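Q: To start, I am sharing the structure in question, which I have written as structure tokens.
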Ligand code: GLN
């Protein structure tokens, strides 16, 4: 029987040969299979678990994201539940969640809405960082919704979760929310053709935002404007090269003022806007 170190070395070589950048994923998968830290002296190596470990390393080499294999993805101080059917939270989205929580605390806001929630990463982080604010999460995909519920149960039990299309939910709400956060699907047709093999395992409906990637921002605007209170905020994530276009959509008719900001890698990534005027209802 191999030692933990030997097993991890063997797996790391296989990952490196398959072009996996972070060979530390061998350790994450090892600890997932064996249920203990790899240096834990009480760890027992069985043939069964060794075979399972090697099989899962094979799946990783084929392109399965390690987060789908271990069932967990780190996000701020949490390990969120993930699996096939839900977008894996990205580190840049942590910055959006922190910005949204800051806005809520600074303005004493009490009512927030998170659209296209996926795992719930933004909403859950916000509700932990700004606990006096009541949050609602909207997620259309049934597969993703299962993870949203699991994560809310584990990390933010007071959060309301609705398995609904935002385009049917929003029209029912008039000037109700102080802040609306959203990391919608925003990849362009071209980006979808060039996805990394790992990202191709993630749900297309969580990634593709129409040919220019901007469909959601455009289509949500009139609904968001009505659902948001005057002086309320939007906090959106967007893709490479899209932020000016997103800002222009929301600046149109002076509906919003606001600014673009960068993620931790120095890329323009967020648009934070403030609603300027009361929107007349046509109903
Ligand atoms: N940031 C994700 C990626 O680069 C895309 C997420 C999204 O479309 N909201 O794959």
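Residue numbers (my numbering): 238 to 520.
Just so it is clear, CB atoms sit at the ideal spot from N, CA and C, and this is done for glycine as well.
Because the structure is a prediction, the values reported are computed rather than measured.
1. By how many angstroms is the C-alpha of residue 269 removed from the C-alpha of residue 335?
2. Where do the ends of the beta strand (DSSP E) carrying residue 416 lie?
3. With the cut-off set at 7 Å, would you say residue 412 and residue 466 are in Cβ contact?
4. Between which two residues does the beta strand (DSSP E) containing residue 276 stretch?
5. Is it the case that the CB of residue 302 approaches a heavy atom of the ligand GLN more closely than 6 Å?
6. DSSP has residue 295 in a bridge; who is on the other side?
7. Is the region 304 to 311 touching the region 483 to 498 in the sense that three or more CB pairs, one from each, lie closer than 8 Å?
8. Flag residue 423 as yes when its Cβ comes closer than 6 Å to any non-hydrogen atom of the ligand GLN, and as no otherwise.
9. Between residue 476 and residue 502, what straight-line distance do the alpha-carbon atoms span, to the nearest angstrom?
10. I believe residue 360 touches residue 370 by the beta-carbon criterion, under 8 Å. Please report the beta-carbon distance rounded to the nearest angstrom.
11. Name the residue from 348, 250, 347, 325 whose alpha carbon lies nearest to the alpha carbon of residue 381.
12. Is residue 550 near the ligand GLN, going by C-beta to nearest heavy atom under 6 Å?
13. Tell me, to the nearest whole angstrom, how far the beta carbon of residue 351 is from that of residue 418; I am working on the premise that it is less than 8 Å.
14. Given 6 Å as the limit, tell me if residue 420 has its C-beta closer than that to any heavy atom belonging to the ligand GLN.
A: Taking the structure as given:
1. Here residue 335 is taken as the residue at index 98 of the chain shown, counted from 1. Here residue 269 is taken as the residue at index 32 of the chain shown, counted from 1. Roughly 29 Å separates the two Cα atoms.
2. Within the chain shown, numbered from 1, the residue matching residue 416 stands at position 179. Taken as a continuous stretch (DSSP letters only), the beta strand (DSSP E) holding residue 416 covers 414 to 419.
3. Translated into positions along the chain shown, residue 412 becomes position 175. Translated into positions along the chain shown, residue 466 becomes position 229. Contact: yes.
4. Counted from its first residue, the chain shown places residue 276 at position 39. Run containing residue 276: none; DSSP gives neither H nor E here.
5. Taking the first residue of the chain shown as position 1, residue 302 is located at position 65. Checking every heavy atom of the ligand GLN against the Cβ of residue 302, none is found closer than 6 Å.
6. Locating residue 295 in the chain shown gives position 58, counting from the first residue. DSSP, once it has assigned bridges, lists no residue as partnering residue 295.
7. no
8. Taking the chain shown and counting its residues from 1, the one referred to as residue 423 is at position 186. Checking every heavy atom of the ligand GLN against the Cβ of residue 423, one is found closer than 6 Å.
9. The residue you call residue 476 lines up with position 239 of the chain shown. The residue you call residue 502 lines up with position 265 of the chain shown. Whole-angstrom Cα-Cα distance: 13 Å.
10. As a position in the chain shown, residue 360 is number 123, starting the count at 1. As a position in the chain shown, residue 370 is number 133, starting the count at 1. No, residue 360 and residue 370 are not in contact; Cβ-Cβ is about 10 Å, not under 8 Å.
11. Indexing the chain shown from 1 puts residue 381 at position 144. Answer by Cα proximity: 325.
12. Given a span of 238 to 520 for the chain in the structure shown, any question on residue 550 remains unanswerable.
13. Taking the chain shown and counting its residues from 1, the one referred to as residue 351 is at position 114. Taking the chain shown and counting its residues from 1, the one referred to as residue 418 is at position 181. Contact flag correct, Cβ pair sits at about 5 Å.
14. The sequence position of residue 420 within the chain shown is 183, counting from 1. Correct: residue 420 has its Cβ closer than 6 Å to the ligand GLN.
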